[in-house]
Amino acid sequence: MGFEMLGSRYLFPYFGGGIGTWASLISTVLCALAVGYFVGSAIVDRFSSQRAIGTAILVAACWLALVPASADAVMQTILARIGDGPAATLSASAALLLVPLSLLGTFSPIAVSLLTRSAHEAGRVAGRVYGVSTIGNVAGTLLTTFILIPSIGSRNITYIFAVTLAACAALLFMAPARQPNEV
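Position one of the sequence shown corresponds to residue 302 (my numbering), numbered consecutively onward.
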């Protein structure tokens, strides 16, 4: 959700801060997470490992690292080709956030698979993974909105988020391999 708040800062100068822009951002985030959950659940049996999660996170980090340098050109291209209506706002939101947030969405189903030791505990593990994820999203939203954006600006935060994601990916690559258990 911190990325959603950052996305608003990239979109507002071009599309305004109205309800249509927020609807586009929220819809993009929800679609991206749904795509990530489906993709993660589809690949979990073939590639369920920290390396799979790390790769997805690293690619998301690289995408985000490109956003500050490319956002203005992307927004101007969309405005020139589509205009400034709802389709343009949704396209701009998707251009910035759909890929990295879809990749990050693969984390949860793969993490559930890696952490589940038996069918008996699958619900508890899934609940914890999604609960921790939701708490992290709330914290990310509040921290980004009320502390980070006012103090260091959107572009710097985007780079910080990208570096943080890359560091998380590195930790996953260095961690001892853990394979999912047969449930």
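Quick reminder that beta carbons are idealized off the backbone N, C-alpha and C, glycines included.
These numbers were taken from a predicted model, which means no experiment stands behind them.
Three-state secondary structure (DSSP) of Ser-394: In the sequence shown, counting from the first residue as 1, residue 394 sits at position 93. In this structure, DSSP gives Ser-394 a helical state, which the three-state scheme calls helix.
Coil, strand or helix - Ser-325 by DSSP: Numbered from 1 along the sequence shown, position 24 holds the residue referred to as residue 325. Helix at Ser-325.
Length of the line joining the Cα atoms of Ala-388 and Leu-331: Here residue 388 corresponds to residue number 87 of the sequence shown, with the count starting at 1. Here residue 331 corresponds to residue number 30 of the sequence shown, with the count starting at 1. Looking at the two C-alpha atoms, the distance is approximately 17 Å.
Ala-420, DSSP secondary structure in three states: As a working mapping, residue 420 is identified with position 119 in the sequence shown. Helix at Ala-420.
Straight-line Cα distance separating Trp-364 from Ala-357: Looking up residue 357 in the sequence shown gives position 56. Looking up residue 364 in the sequence shown gives position 63. If I take the Cα positions, the gap works out to 11 Å.
Own chain partners of Arg-310 with C-beta closer than 8 Å, once the 5 adjacent residues on each side are dropped: The sequence position of residue 310 within the sequence shown is 9, counting from 1. Cβ-Cβ distances below 8 Å link Arg-310 to Ile-450 and Ser-455 in the same chain, with the five nearest sequence neighbours on each side left out; the list follows chain order.
Anticipated Cβ contact below 8 Å, Tyr-338 with Gly-406, distance rounded: Walking along the sequence shown from the start, residue 338 turns up at place 37. Walking along the sequence shown from the start, residue 406 turns up at place 105. Contact flag correct, Cβ pair sits at about 5 Å.
Same chain only: Cβ atoms within 8 Å of Trp-323, ignoring 5 sequence neighbours per side: Within the sequence shown, numbered from 1, the residue matching residue 323 stands at position 22. So the list reads Ser-309, once near-sequence residues are dropped.
Three-way DSSP call (helix, strand, coil) for Ser-342 in this model: Numbered from 1 along the sequence shown, position 41 holds the residue referred to as residue 342. Helix.
Whole-angstrom C-beta distance between Leu-416 and Ser-325, which should lie under 8 Å: Residue numbering aside, residue 325 sits at position 24 when the sequence shown is read from its first letter. Residue numbering aside, residue 416 sits at position 115 when the sequence shown is read from its first letter. Going by Cβ atoms, the distance from Ser-325 to Leu-416 rounds to 34 Å, so no, they are not a contact pair.
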